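Some notes on the structure that comes next.
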Amino acid sequence: MQNHTVPSEMRALVWLGPHQMELQTLPTPVPGKHEVLVHVGAVGICGSELSGYLGHNSLRVPPLIMGHEAAGTIVAGAGILADGTPVHAGQRVTFNPLVTCGTCDRCKAGRVNLCRNRKLLSASLPGAFAEYVTVPAALCWHLPEKISFTAGSLAEPLACAVHAVELAQAHSGQNLLVLGAGPIGLCMIAAAKARGVKHIIVSDISDARLEIAKHWGATHTVNAKIADTVAATMAAFPNGVDIAIDAVGTGLVRNQAIKSVMPGGTVVLMGLHEDETAIPTNYIIRQEIRLMGSFCYSREAFATAVDLISRHVVKATPDWLIERPLSDGKMSFEELLAGTSPVTKIVLIP
Ligand SMILES: [Zn+2]
Ligand SMILES: [Zn+2]
């Protein structure tokens, strides 16, 4: 980059074990072949990292730099970006943190998110809760000048949502239930609307979150703390919804999703809160419910997410998102876990 000298050391937020996280000074990583060094401009805290922080995720082993929802500036390295253009220093990018091998049967079949050798930045590779991170050039997407790094960091969670509505083949004329109005649930509303879905009911246990969901385009909401989600869904859509997407992942919510779709409807599971939960299998059989998992995103879904961000379809606004310095990382993790955070999304600025 013009005038950007890369220092030999950087500050990084390092997870050391359950409830243990501190800022450390570490050597700045050096990009390998076909990799770039990104000066991180913004990096969001993801729900999956909260369980990692507690030590509940076997894929995350301390000491570890988490952070996989990021955007920044390329300052070193070489290669070809996701859009096929050559890398040049100074480019603003957001990146797909799921590093895939490109050679296994799943990669060759175009199902890259199911790569048998996949590695996620922030789990098996060092992530972006740091001043610098190395990323394969081919996973970097150009970010327009007018889009802030914080908005750019939302491409990753939005891509998860885009992939889920693509798997469900959501289209206009259908009704959708989104269970959970956290960042992924909100992104789900945006992704579904982008595919033409007009009637979207959202459930959550927080009125404040549901109010924000309305701003994003939810046409109906249900507070699952005081009302029965299935009954409220049936009251709004007497035949049941075409598609239910679970962005929570508890046994209770998975069952609500299954019982809310019409016969022949589709349930997409993407919340990972509980590992194994009971589901009404005979009911699923007799109603021919299409039950599917959704994991991360295809290359195409990530491209769509970057496009939606670039067109301001999803915005980083203070009603649901706040920015904090990297040094507030540990406090932010604790607040999100305790439910005392003023907003559902915290983005750290290294
Ligand atoms: Zn994430
Ligand atoms: Zn592969």
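Mind the numbering: the sequence shown is residues 14 to 363 in the numbering used here, read in order.
We treat Cβ as the ideally placed atom computed from N, Cα and C, and that holds for glycine.
As the structure is a prediction and not an experimental result, all values here were calculated from the model.
For Tyr310, there is no enclosing beta strand (DSSP E), as DSSP marks it with neither H nor E.
Not a single heavy atom of ligand 2 lies less than 7 Å from the C-beta of Cys309. In its own chain, leaving out the 5 sequence neighbours on each side, no residue places its CB closer than 7 Å to the CB of Thr116. Looking at Tyr145, Lys343, Met283, the one whose alpha-carbon comes closest to that of Pro44 is Tyr145. Here Ile78 is actually not in contact with Ala172; their C-beta atoms are around 21 Å apart, not less than 8 Å. Pro196 sits away from Thr317, with the two beta carbons spaced by 8 Å or more. For Ser166, the shortest separation between its Cβ and any heavy atom of ligand 1 does not lie below 7 Å. Rounded to whole angstroms, the gap between the alpha carbons of Val215 and Val319 is 24 Å.
In the structure shown, the three-state DSSP call for Val56 is strand. Taking 8 Å as the cut-off, the beta carbon of Met23 is found closer than this to the beta carbon of Leu39. The three-state reading of DSSP puts Asp259 in strand, counting E and B together. Here the alpha carbon of Gly342 sits roughly 44 Å from the alpha carbon of Gly277. In terms of side-chain proximity, the C-beta atom of Cys200 is found no nearer than 7 Å to any non-hydrogen atom of ligand 1. In this structure, Pro139 has its beta carbon at no less than 7 Å from each heavy atom of ligand 1.
If you check the C-beta of Gly115 against ligand 2, you find a heavy atom less than 7 Å away. Put simply, the backbone Cα of Leu63 is about 12 Å away from that of Met344. Here the distance from the Cβ of Ser61 to the nearest heavy atom of ligand 1 is below 7 Å. Taking the CA atoms as reference points, Trp229 sits about 22 Å from Ser273. Collapsing the DSSP output to three states places Ser216 in a strand. In this chain, Val326 is not harboured by any alpha helix (DSSP H), its DSSP state being neither H nor E. Non-local beta-carbon contacts of Ser311 in its own chain, meaning distances under 8 Å to residues more than five positions away in sequence, involve Gly123, Arg124, Val125, Asn126, His176, Glu179 in chain order.
Take the alpha-carbon of Gly103 and the one of Glu336: they are about 23 Å apart. The alpha-carbon of Met201 is positioned some 10 Å away from that of Asp259. DSSP lists His52 as the beta-bridge partner residues of Tyr145.
Boundaries for Phe250: no alpha helix (DSSP H) harbours it, and the DSSP string shows neither H nor E there.
The residues Ile214, Thr246, Val254, Ala257, Ser273, in chain order, have a CB closer than 6 Å to that of Leu190 in the same chain once the five nearest residues on each side in sequence are set aside. If the five residues before and after His17 are omitted, its C-beta is found closer than 6 Å to the C-beta atoms of Val88, all from its own chain and listed in chain order. In terms of CA proximity to Glu224, Asp332 leads the group Val280, Asp332, Gln300.
Within the region 133-218, complete beta strand (DSSP E) segments of at least 3 residues are found at 145-149, 153-155, 188-192, 212-217, given in chain order.
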